[in-house]
Amino acid sequence: MQGLVIALLLLGLMPPVGLYAAPLARMGPVRAMWIDLGMGQPLVDWFNQTARPDDIARVDTWEAGMLDQITAGRKLVVFKSVADAERLMPGLADRLDIIGYNLEHGPANAREDIADPVGSVQRMRQLADHYGKQLALGPDHQFAESDGVAMAPYVDMFILQVQRVQTDPAAVLNFVRPLVLELRRANPGLSVSVQVRTEGNVEAIVDLIDSLKESIDGVSILTSPETVDVAKSLVRELRTRADTSAPGTTASPAAAPPAPLATPVRAVPQPAPP
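For the sequence shown, the positions run -9 to 264 when my numbering is used.
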């Protein structure tokens, strides 16, 4: 079968991504997932004391002053538009690790970004490459379903927003599981998280995350000044949740996808640096 695939590729009848097998299920326990936490001043010291190296401290552009106070994990700044990212990155590049792009159908997002979501993500990819940063995309539910697969090849991390339906496990599973399969087919190296908010019962939230552990690599958490204690409790529950892997399986941290038979080329135009 492998020989046939290679022959078809050489004949130009199959794109490079066809060389990848179906994405493998992530079998790591919940406690092995990285955590992407929305920062607020009350959480900075606690994050510095408890974060793992792959955890993420997430701030909005108007909170960039906190970046210098964060000494653990990775730092992510969320941009609402390509224009804002292009304007602000020269002053932020040496203070962050990940460019976050929150692409939504809302008044805070630029009309030109909404009109051309894939093109906007391509521009963000060019910006990330120019500064040597990773790119995380957090689209709203509509963009995730309509353009997620087309945008996936251009990003390193994909955050699926489920916070509005996090109390409806069936709705979350029906949204996340099939979409993640398609996203990983489009980009086998993609890292995926689901975004939840610090509301409700933390054990129920972690139960939801546990049901998705074969699909995701991390958990993104929306916080508020009023829910600092809930955020800490949620992280504690995530870090201490017992493994529920089926008998006979070996739980381990999320592994990288298998190496491809050929290296696909990211089809991103490379303009002059901004």
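Cβ coordinates follow ideal geometry from the N, Cα and C atoms, glycine included.
For the beta strand (DSSP E) containing residue i, name the first residue and the last one.
i, result
"residue 24", "24 to 28"
"residue 187", "181 to 187"
"residue 124", "124 to 127"
"residue 156", "Looking at the DSSP string, residue 156 is not in any beta strand (DSSP E), and its letter there is neither H nor E."
If you reduce the DSSP assignment to three classes, tell me which class residue i lands in.
i, result
"residue 219", "helix"
"residue 138", "helix"
"residue 116", "helix"
"residue 205", "coil"
"residue 133", "helix"
"residue 289", "Only positions -9 to 264 of the chain appear in the structure, and residue 289 is not among them; the question remains open."
"residue 231", "coil"
"residue 192", "helix"
"residue 214", "coil"
"residue 1", "Per-residue confidence for residue 1 stands at a pLDDT of 46, beneath the threshold of 50, marking its modelled position as unreliable; no derived number is given."
"residue 238", "Annotation note: pLDDT 45 at residue 238 (below 50); position unreliable, coordinate value reported separately. Residue 238: coil per DSSP, three-state reduction."
"residue 11", "Low confidence applies to residue 11: its pLDDT is 38, below 50, so where it sits in the model is not reliable, and the reading given next is rough at best. Looking at residue 11 - three-state DSSP - the assignment turns out to be coil, as it is neither helix nor strand."
Alpha carbons only, please: which of the options is nearest the one belonging to residue i?
i, options, result
"residue 66", "110, 96 and 149", "149"
"residue 106", "72, 80 and 23", "72"
"residue 222", "187, 197 and 202", "187"
"residue 206", "120, 185, 95 and 193", "185"
"residue 98", "199, 26, 22 and 51", "51"
"residue 199", "152, 27 and 218", "152"
"residue 112", "162, 76 and 130", "76"
"residue 79", "64, 43, 163 and 120", "120"
"residue 84", "171, 57 and 43", "57"
"residue 211", "22, 26 and 70", "26"
"residue 21", "147, 31, 60 and 42", "42"
"residue 209", "215, 218, 219 and 227", "227"
"residue 54", "220, 168 and 34", "34"
"residue 145", "171, 161, 166 and 178", "178"
"residue 49", "229, 214, 232 and 231", "214"
"residue 60", "74, 168, 45 and 70", "45"
"residue 23", "202, 216, 219 and 117", "202"
"residue 69", "103, 217, 168 and 40", "103"
"residue 139", "116, 160, 155 and 171", "171"
"residue 189", "183, 224, 108 and 176", "224"
"residue 163", "195, 137, 82 and 181", "195"
"residue 142", "174, 166 and 118", "174"
"residue 182", "62, 82, 117 and 167", "167"
"residue 176", "147, 130, 132 and 36", "147"
- Quick one: which unbroken alpha helix (DSSP H) runs of 4-plus residues sit fully inside the stretch 28 to 104? Chain order, please. 31 to 40 and 72 to 82
- Does the stretch 120 to 131 come close enough to the stretch 82 to 91 to have 3 or more Cβ pairs within less than 8 Å? yes
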